[in-house]
Amino acid sequence: MPKTKEQKRTILHELNNKVSKAKSIIFTKYSGLTVKENEELRSKLRQENNEYYVAKKTLFSLALKDKSIIGLDIKKFEGQIAAIFGYSDEVSPAKIVGQFKKDKEKGRKIEFVGGILENKYIGAAEVANLATLPSKQELYSKIVGSINAPVSGFVNALAGNIRNLVQALKAVSEKK
89 MPKTKEQKRT ILHELNNKVS KAKSIIFTKY SGLTVKENEE LRSKLRQENN
139 EYYVAKKTLF SLALKDKSII GLDIKKFEGQ IAAIFGYSDE VSPAKIVGQF
189 KKDKEKGRKI EFVGGILENK YIGAAEVANL ATLPSKQELY SKIVGSINAP
239 VSGFVNALAG NIRNLVQALK AVSEKK
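In our numbering, the protein residues as written are 89 to 264.
Structure (structure tokens):
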């Protein structure tokens with residue numbers, strides 16, 4: 089049954105709120121997903137503070153009209169489109185969908201169509217590249233490891249000298 093104008097206004101208002109809060113938006117084709125797979129993906133996205141939302145392309149384009157994003161024309165996307173809003177991390181929606189694609193039959197059930205990152209349109213290939221980036225936590229741990237490496241090396245060098253001195257004194261005491 090078609091939606092009334094009031095329902096469409098409500099959906100448009102929701103979409104405007106989601107767009108304004110989102111750090112990134114990923115668009116996907118989802119026509120090959122079963123209901124169970126769709127719910128599984130929604131659950132994984134919710135765990136990382138992301139939201140999977142399906143609406144008509146016309147409503148998406150109206151919600152994004154005020155953003156004036158160059159190169160974005162949602163109406164040109166083929167098939168049914170879902171938007172994944174990333175609220176806490178720019179990369180996590182692409183990573184989760186990318187992993188989901190790998191887990192499902194050759195990834196043909198869901199496809200990247202494009203996205204919005206830092207108020208700029210990015211194509212499907214760029215979204216796929218985002219999916220391969222490490223997460224913020226992984227990057228933080230690498231930075232901490234890099235900062236910690238010289239300090240731990242210095243501590244090991246000092247400990248090595250003390251250890252050698254102790255071994256030398258022990259050898260001298262055993263000779264006597």
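We put the beta carbon where it would ideally sit given N, CA and C, even for glycine. Note that this is a predicted model, so its numbers are computed, not measured.
Please tell me whether residue i and residue j are closer than 8 angstroms, where the distance is taken between their beta carbons.
i, j, result
"Leu121", "Ile198", "yes"
"Ile169", "Phe242", "no"
"Lys192", "Glu125", "yes"
"Asn138", "Ser180", "yes"
"Lys144", "Lys163", "no"
"Ala212", "Lys183", "no"
"Asp161", "Lys224", "no"
"Leu147", "Leu100", "yes"
By Cβ distance below 7 angstroms, which residues in the same chain neighbour residue i in space, the five residues on each side in sequence not counted?
i, result
"Asn104", "Ala151"
"Phe173", "Lys106, Ala110, Ile113, Asn138, Glu139, Tyr141"
Quick one: using the 10 Å Cβ neighbour count with 16 as the cut-off for buried, is residue i buried or exposed?
i, result
"Val201", "buried"
"Val185", "buried"
"Lys153", "exposed"
"Leu227", "exposed"
"Val291", "Not covered by the structure: residue 291. The range shown for the chain is 89 to 264."
Identify every residue that forms a DSSP beta bridge with residue i.
i, result
"Gly159", "In DSSP, Gly159 forms no bridge with anything."
"Ser112", "Gly174, Leu205"
Between residue i and the rest of its own chain, which residues show a CB-CB distance below 6 angstroms, the 5 nearest in sequence each way excluded?
i, result
"Ser119", "Gly167, Gln168"
So does the region 205-214 actually touch the region 154-171, counting three or more Cβ pairs closer than 8 angstroms? yes
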